[in-house]
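**Q**
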Amino acid sequence: MEPIKAMQTKSAQEVRQMIRDGQLRGPTSGYADGYMQANLMILPAQYAADFKGFCDKNPKSCPLVAMGRPGDPSLPLAGDIDIRTDVARYRVYRQGVHIDTVDNLLSIWRDDLVIFALGCSFSFENAILNAGIEIRHITAKRNVPMYKTNLPTVQNGPFKGNMVVSMRAFSPSDLVQAILLSSRFPLAHGAPVHIGNPEEIGIKDIYQPDFGDVPIIQEGDILGFWACGVTPQMAIQQANVDIAITHEPGYMLVTDLPADANELSVA
């Protein structure tokens, strides 16, 4: 069995345990078929209401799956989750500046921190793979390419900024299928926000992503751009909060929720 196939068939709990034990430190694209993956945002409680409002106003970029309680490292997402250890890599921001990347949060956890889990496009990737369509960054064991755009979000409180998108290149027929399949996953950003020319959304060089790895594009491909959960990382830079913690782009929280969950309310 190929390594990516082995990871695709593992349960969400198995993937989280591997991360918790330090056995897995890479991007989670293609892992745990059938389980929802989530972007992570952790903020002091004083900013929680404003950030939830930002998510509510920008559901395409920030589909809110769950919200924690101040100081509680668990989440109402079914299963055993300790947010301090169960993501392979975290980014730490202070006053909006990315100052560190860490493997766990045990030494910096605070009693006022509130967790937000936001849907991720990795949740629909297995549906595309299971339809027999290649996703090239997964085949190449790379991270998905992600780009800053000129597409604005709707401001709420101190949170504002432009959308970040992830890109996947497909043949025309495969792209049609990818659009149909991804549209079934509204909590995973749903259908693309843009198709075709990247310059139309402010991307000057498709081969220089702002996050992730260089894309693999073949002759005749059409580019699809999906809203991305890295968008809030741009918003916290604008908000200038004293501390914020996110996942490293591509290194997601793998939850026990079904990947195709549609009607989930925030607990």
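Residues in the sequence shown are numbered consecutively from 6, following the working numbering. Note that the Cβ used here is the ideal one computed from N, Cα and C, for glycine as well. These numbers come from a predicted model, not from an experiment.
Taking Cβ positions only, does Ser-128 come closer than 7 Å to chain D?
**A** This model lacks chain D altogether, as it is built from one protein chain only.
**Q** Would you grab the beta carbon distance between Pro-49 and Leu-156 for me? Rounded to a whole angstrom, and I think it's under 8 Å.
**A** What you label residue 49 is simply residue 44 of the sequence shown in a count that begins at 1. What you label residue 156 is simply residue 151 of the sequence shown in a count that begins at 1. Contact flag wrong, Cβ pair sits at about 28 Å.
**Q** Assuming Ser-128 and Phe-190 form a contact by the criterion Cβ under 8 Å, report the distance between their Cβ atoms to the nearest whole angstrom.
**A** Numbered from 1 along the sequence shown, position 123 holds the residue referred to as residue 128. Numbered from 1 along the sequence shown, position 185 holds the residue referred to as residue 190. Indeed, because the Cβ distance is near 6 Å, the residues count as touching under 8 Å.
**Q** State yes or no: is the C-beta of Pro-150 within less than 7 Å of the C-beta of Pro-220?
**A** Within the sequence shown, residue 150 is the residue found at index 145, counting from 1. Within the sequence shown, residue 220 is the residue found at index 215, counting from 1. Yes, they are a contact pair.
**Q** Have a look at Pro-75 and Val-181 and give me their C-alpha separation to the nearest angstrom.
**A** Reading the sequence shown from its first residue, position 70 is the one you call residue 75. Reading the sequence shown from its first residue, position 176 is the one you call residue 181. Rounded to whole angstroms, Pro-75 to Val-181 spans 43 Å at the Cα level.
**Q** Based on Cα-Cα distance, which residue from Glu-19, Ala-196 and Gly-255 lies nearest to Ile-143?
**A** Taking the sequence shown and counting its residues from 1, the one referred to as residue 143 is at position 138. Checking every option, the nearest Cα to that of Ile-143 belongs to Gly-255.
**Q** Could you spell out where the alpha helix (DSSP H) holding Ala-54 opens and where it closes?
**A** Within the sequence shown, the letter at position 49 stands for residue 54. From DSSP, the alpha helix (DSSP H) with Ala-54 extends over 53-62.
**Q** Assign Leu-110 to buried or exposed, taking buried as 16 or more other Cβ atoms, counted over all protein chains shown, within 10 Å of its Cβ.
**A** Position 105 of the sequence shown, counted from the first residue, corresponds to residue 110. Answer is buried; the Cβ neighbour count reaches 16.
**Q** Closer than 7 Å by C-beta to Glu-253: which residues in its own chain qualify, once you throw out the five before and the five after it? Chain order, please.
**A** Residue mapping note: residue 253 aligns to position 248 of the sequence shown, counting from 1. The answer, listed in chain order, is Arg-94, Tyr-95, Arg-96 and Thr-106.
**Q** What residues are listed by DSSP as bridge partners for Ala-71?
**A** As a first step, residue 71 must be located in the sequence shown, where it is residue number 66. Answer is Ala-122.
**Q** Tell me the residue span of the beta strand (DSSP E) that contains Asp-179.
**A** Against the sequence shown, residue 179 aligns to sequence position 174. Careful: Asp-179 lies outside any beta strand (DSSP E), inside the alpha helix (DSSP H) at 177-187.
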